[in-house]
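Structure first, commentary second.
There are 2 protein chains.
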Amino acid sequence: MTSQAADGPDTVVASRRSKITPEREREFFDAVLEQIRECGYDSVTMEGVAATTRCSKSTLYRQWKTKPQFVAAALRASRRVRFAGIDTGSLAQDLRQAARAAGDWSGKDTRLLQALGHAVTSDQELAQALREALVHPEIAALEEMLDRGVARGEVPAGHPALEYIPAMMFGVLRVRPVLNGQYADADYLVRFVEAVVLPALGLS
Amino acid sequence: MTSQAADGPDTVVASRRSKITPEREREFFDAVLEQIRECGYDSVTMEGVAATTRCSKSTLYRQWKTKPQFVAAALRASRRVRFAGIDTGSLAQDLRQAARAAGDWSGKDTRLLQALGHAVTSDQELAQALREALVHPEIAALEEMLDRGVARGEVPAGHPALEYIPAMMFGVLRVRPVLNGQYADADYLVRFVEAVVLPALGLS
DNA sequence: GTGTACCGATACGGCCGAGTACCGGTACAC
DNA sequence: GTGTACCGGTACTCGGCCGTATCGGTACAC
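Read top to bottom, the protein sequences are chains A and B.
Terminal number for the first sequence in this note's numbering: 238, no gaps in between.
Terminal number for the second sequence in this note's numbering: 238, no gaps in between.
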């Protein structure tokens, strides 16, 4: 019965209730996240998103009940693991690569995190979505990296610095703009890894 | 001519143009900063501040032209150096004490920094005030601490970890809430110093 | 070809906050 | 004692956004 026949005109346009394609949805999400980065969460308006995506407010409100729910959905959909898949066989190399990768998306994600800074403390769903989207995946990837290093015997299990590595990486990334007005780039982070992280782990 | 005669009824009430005493002004400032911590910068209203301090909006607008200027003034006035004066003669001890001190004001200032997170990127005066009030003094104090340690020969001059210490301390402090939902307390920070900062400096 | 239901547009009600204007009370200045 | 100027209170204008309602067009379903 080929219930999902795909002989349609383009690709996946068969049987759906909403006429909003996943691509269109991503446009909405990208637009709202970009507006958040630029104007801050509170200043983002559904009208603004509707205008830049050339849809109508009604369309947005048909899919998502309120602005926080809409934003939370956008966050969840933007979930990507930036530096998963890094596995060079050496913890030091893994950390350097992670630092380099982090430097690349630093600007965008830091701005997003910054802009959502307070909204998160008052809306539980938003906080959850933010953590799922931007924080947890990276932390988990880092922890896996460290676990592998421990398993290989590069660092003794229970080394006191281990629990702080993720917080340090994230922390340095995030506060750089506040301290001297520029985002942390890859070079800065790699040098940080070499100057601090590796010595703290006894790796250099 | 005793132009500043102080034989008045209470204390310093002689010759001024505004009837707002410095104590009263501090009430305004405390109120607005507290509202920012609780509701975020955008949600703070002049009306709210006026209400909680039992003054009138007119009074606020007579002294400060706009809301951002008012907030910036409040920030500048709140400038205090939390861990200046720490000088134990040992860099390791200095850093431990700084960590402990930081843990104590962590909640309040982190919330403030968080709440102002984005407002700062769009208002230059606010950004400047925030940096003057909450960031620069602490960084400067930390750097003095490190300089003294170098001068005493505890750490070689130009040690690569030196430039990252302030960013690390600040960073860990600020991201703790995002990572696992609680503010960094003194214990957490002291253990961080011992597990990471001191080893990175070759001090333990 | 007819029906259905979603899309985009627009208009609307309601709320709220920034600043402003005005007004009576009052405390210090001289 | 008189003047002055600031304080607190209130009322007001203006603008902006949330969320809803309504309407014509249109694309897919059957």
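Each residue gets a CB set at the ideal place from its N, CA and C atoms; glycine is no exception.
Given the structure is predicted, the values throughout are model-derived calculations rather than measurements.
How is the alpha helix (DSSP H) around residue i delimited, first residue to last?
i, result
"V184 (chain B)", "170-185"
"Q103 (chain B)", "101-111"
"D200 (chain A)", "Note on identity: in this sequence residue 200 (chain A) is Pro, with Asp being the wrong assignment. Run containing P200 (chain A): 199-214, per the alpha helix (DSSP H) assignment."
"T86 (chain B)", "80-87"
"F117 (chain B)", "Counting along the chain, F117 (chain B) falls outside any alpha helix (DSSP H), and DSSP gives it neither H nor E."
"W139 (chain A)", "125-149"
"T155 (chain B)", "153-156"
"T93 (chain B)", "91-97"
"Y19 (chain A)", "Lying outside 35 to 238, the shown extent of chain A, residue 19 (chain A) is not represented and no answer is given."
"D64 (chain A)", "56-73"
Is there a Cβ from chain B that is less than 8 Å from the Cβ of residue i?
i, result
"L213 (chain A)", "yes"
"D76 (chain A)", "yes"
"P190 (chain A)", "no"
"V66 (chain A)", "no"
"G205 (chain A)", "yes"
"A48 (chain A)", "Since pLDDT at A48 (chain A) reaches only 33, below the 50 mark, its modelled position is unreliable, and the value read off the structure follows with that caveat. So no, A48 (chain A) is outside the interface."
"A234 (chain A)", "yes"
Alpha carbons only, please: which of the options is nearest the one belonging to residue i?
i, options, result
"I54 (chain B)", "B:S92, B:V224, B:A153", "B:S92"
"V78 (chain A)", "A:M179, A:R58, A:A149", "A:A149"
"V231 (chain A)", "A:G123, A:Q216, A:G205, A:G187", "A:G205"
"R114 (chain B)", "B:Q69, B:A133, B:H170, B:A132", "B:H170"
"A191 (chain A)", "A:D181, A:F117, A:R208, A:D221", "A:D181"
"L109 (chain B)", "B:D64, B:V224, B:P194, B:T86", "B:D64"
"A229 (chain A)", "A:E81, A:E166, A:L129, A:S124", "A:L129"
"V224 (chain A)", "A:Y217, A:G74, A:L67, A:A135", "A:A135"
"A24 (chain A)", "A:G236, A:V189, A:A163, A:D121", "Here chain A covers residues 35 to 238 and nothing more, so residue 24 (chain A) does not appear."
"Q127 (chain B)", "B:P194, B:E188, B:E61", "B:E188"
"L237 (chain A)", "A:D76, A:W98, A:G151, A:L125", "A:L125"
"D76 (chain B)", "B:L176, B:S52, B:L160", "B:L160"
"P233 (chain B)", "B:D221, B:V212, B:Y217, B:P194", "B:P194"
"A118 (chain A)", "A:M179, A:P56, A:Y198, A:L196", "A:M179"
"A202 (chain A)", "A:S112, A:L67, A:A132", "The residue asked about is misnamed: residue 202 (chain A) is Met in this sequence, not Ala. Of A:S112, A:L67, A:A132, the residue nearest in Cα terms is A:A132."
"N214 (chain B)", "A:P200, A:A218, A:V212", "A:P200"
Would you verify that the beta carbon of residue i is, or is not, closer than 8 Å to some beta carbon of chain A?
i, result
"Q148 (chain B)", "yes"
"R208 (chain B)", "yes"
"F117 (chain B)", "no"
"Y198 (chain B)", "yes"
"F104 (chain B)", "no"
"V224 (chain B)", "no"
"A195 (chain B)", "yes"
"A229 (chain B)", "yes"
"A201 (chain B)", "yes"
"Q127 (chain B)", "no"
Query raised in the report: Which of the residues in the segment 133-164 of chain A, read from start to end, lie with their CB under 9 Å from any CB of chain B?
Result: R145, L147, Q148, A149, L150, G151, H152, A153, V154, T155, S156, A161, L164
**Report entry** Contact list for the segment 165-185 of chain A against chain B, Cβ threshold 8 Å
**Finding:** R165, V169, I173
Query raised in the report: Quick one: any contact between the segment 205-219 of chain A and the segment 203-217 of chain B, if contact means 3 or more CB pairs under 8 Å?
Result: yes
Report task. Identify each residue in the segment 77-100 of chain B for which the Cβ-Cβ distance to at least one residue of chain A is less than 8 Å, and report them in chain order. Result -> Listed by position along the chain: S77.
Query - Segment contact flag, the segment 141-156 of chain B with the segment 137-155 of chain A, C-beta cutoff 8 Å, min 3 pairs - result: yes
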